[in-house]
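Here's the structure, in structure tokens; my notes come after.
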Amino acid sequence: MAGEPQADCLFCKIATGEVPATLVRETETTVAFRDINPQAPTHVLVIPRVHYRDAAALAAAEPQIAADMLRETAEVAAEEKLESYRVVFNTGSGAGQTVFHAHAHVLGGRGLQWPPG
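The letter at position 6 of the sequence shown is residue 5 when you use numbering that gives the first Met the number 0, and the numbering goes up by one with no holes.
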């Protein structure tokens with residue numbers, strides 16, 4: 000059921016501490032941790048503790064938690080001392096989503112070109 004932890008979801012397991020990760024921040028509703036395959040000097044993932052397939056599903060079902068995630072991306076950037084940064088939500092495999100649990104990428108620490116590749 001949406002919103003409930005999924006036994007086969009890597010990010011659900013990170014959120015509960017079942018799978019270790021390099022945590023950056025935790026709140027009641029979110030967890031932020033370093034990406035294991037960083038695409039920039041700073042690459043942190045911000046996830047909700049509740050399980051939804053993607054950011055669109057999360058926003059539709061629990062807009063306050065979606066807002067919490069976005070607020071946490073700014074907190075991560077501030078703690079990482081990023082003057083500029085990018086927040087990315089991939090939705091669907093065609094957009095590069097590989098873990099189907101809503102998450103935001105916080106990328107910074109180098110120039111980020113537009114359009115992204």
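Heads up, the beta-carbon is just placed ideally off N, CA and C, and yes, glycines get one too. Note that the structure is predicted; figures quoted are calculated from it, not measured.
Can you list, in chain order, the residues of its chain with a C-beta nearer than 8 Å to that of residue i? Leave out the 5 residues immediately preceding and following it.
i, result
"A60", "A1, G2, Y51"
How many Å lie between residue i and residue j at the Cα?
i, j, result
"A65", "T41", "22 Å"
"E43", "A6", "Just to set this straight, residue 43 is Val in the shown sequence, not Glu. Near 23 Å, if we compare the C-alpha coordinates of A6 and V43."
Provide the residue span of the alpha helix (DSSP H) that contains residue i, from first to last.
i, result
"V75", "62 to 78"
"F10", "9 to 15"
Quick one: using the 10 Å Cβ neighbour count with 16 as the cut-off for buried, is residue i buried or exposed?
i, result
"R48", "buried"
"V103", "Sequence check: residue 103 is Ala here, not Val. Buried, since its Cβ has 16 or more Cβ neighbours within 10 Å."
Please return the same chain residues whose Cβ sits closer than 6 Å to the Cβ of residue i, not counting the five positions on each side in sequence.
i, result
"A21", "Checking the displayed sequence, the identity of residue 21 turns out to be Thr instead of Ala. Answer for T21: F32, R33, listed in chain order."
"C11", "P4, Q5, H50"
"G95", "N89"
Hey, could you find the ends of the beta strand (DSSP E) residue i is sitting in?
i, result
"I46", "41 to 47"
"T29", "29 to 33"
"R109", "Premise fails: R109 is in no beta strand (DSSP E) and is neither H nor E."
Just to confirm my understanding: we take residue i, look at its own chain, exclude 5 residues before and 5 after, and list those with CB closer than 7 Å. What are they?
i, result
"V45", "T29, A31, M68, E71, T72, V75, H102, A103, V105"
"L9", "V18, V98"
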